[in-house]
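Trainee: Using my numbering, the first residue of the sequence shown is number 8, and each one after it goes up by one. The C-beta atom is built at its ideal place from N, Cα and C for all residues, glycine as well.
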Amino acid sequence: MNYNLKPYKYIYGSTLLGSNDKFFGLIKINVETLETKTWSRNHDLQIAAEPVFVPDPNGLDEDDGVVLAPIVNFKEGDAPFVVVLDAKSFTEIARCKIGQRLPLGFHAQYYNN
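Take a look at the structure:
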């Protein structure tokens, strides 16, 4: 379902601010209740890029699907990866290592089709 220019309940983002490590990672915000769920990085040398929501084609709820986000690693020997989160619970269900370094300026691309 395409929620562009339509009412929606959830937004997803990457977080880089705050004095607590739980604020470094990814966040899901219920814009009606302001309830938040977070996914935290493994160590302080990781940065999460913009998450992308992929809806479940058979889903019934707005947050039925997965959230994909590239994670940039600055720790020597750690490969960057894409984390896959269950959008409803915001828990990690998979990660896919990327075979080469991601530039820090790597950003999501948005296409209508």
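Give me the residue from 57, 65, 15, 51 with the minimum Cα distance to residue 38.
Mentor: Nearest option by C-alpha distance: 15.
Trainee: Return yes when at least one heavy atom of the ligand MN lies under 7 Å from the C-beta of residue 34, else no.
Mentor: Absent from the structure shown: the ligand MN. Ligands present: none.
Trainee: Between residue 94 and residue 70, which are expected to be in contact by the criterion C-beta below 8 Å, what is the C-beta distance as a whole number of angstroms?
Mentor: Sure, about 5 Å apart at Cβ, within 8 Å.
Trainee: Residue 35 bridges to which residues according to DSSP?
Mentor: DSSP, once it has assigned bridges, lists 19, 44 as partnering residue 35.
Trainee: Can you tell me whether DSSP reads residue 107 as helix, strand or coil?
Mentor: Three-state DSSP puts residue 107 in coil, outside helix and strand.
Trainee: Might you give, ordered along the chain, the residues of its own chain that have their beta carbon closer than 6 Å to the beta carbon of residue 101, omitting 5 neighbours on each side?
Mentor: Hits under 6 Å: 91.
Trainee: Which class does residue 11 belong to by DSSP, given the choice of helix, strand or coil?
Mentor: Here residue 11 sits in coil by DSSP.
Trainee: So the beta strand (DSSP E) residue 55 belongs to, where does it begin and stop?
Mentor: Unbroken beta strand (DSSP E) run through residue 55: 53 to 55.
Trainee: What's the call for residue 18, buried or exposed, on a 16-neighbour Cβ count within 10 Å?
Mentor: Flag for residue 18 reads exposed.
Trainee: From which residue to which residue does the beta strand (DSSP E) around residue 76 run?
Mentor: Counting along the chain, the beta strand (DSSP E) containing residue 76 begins and ends at 72 to 80.
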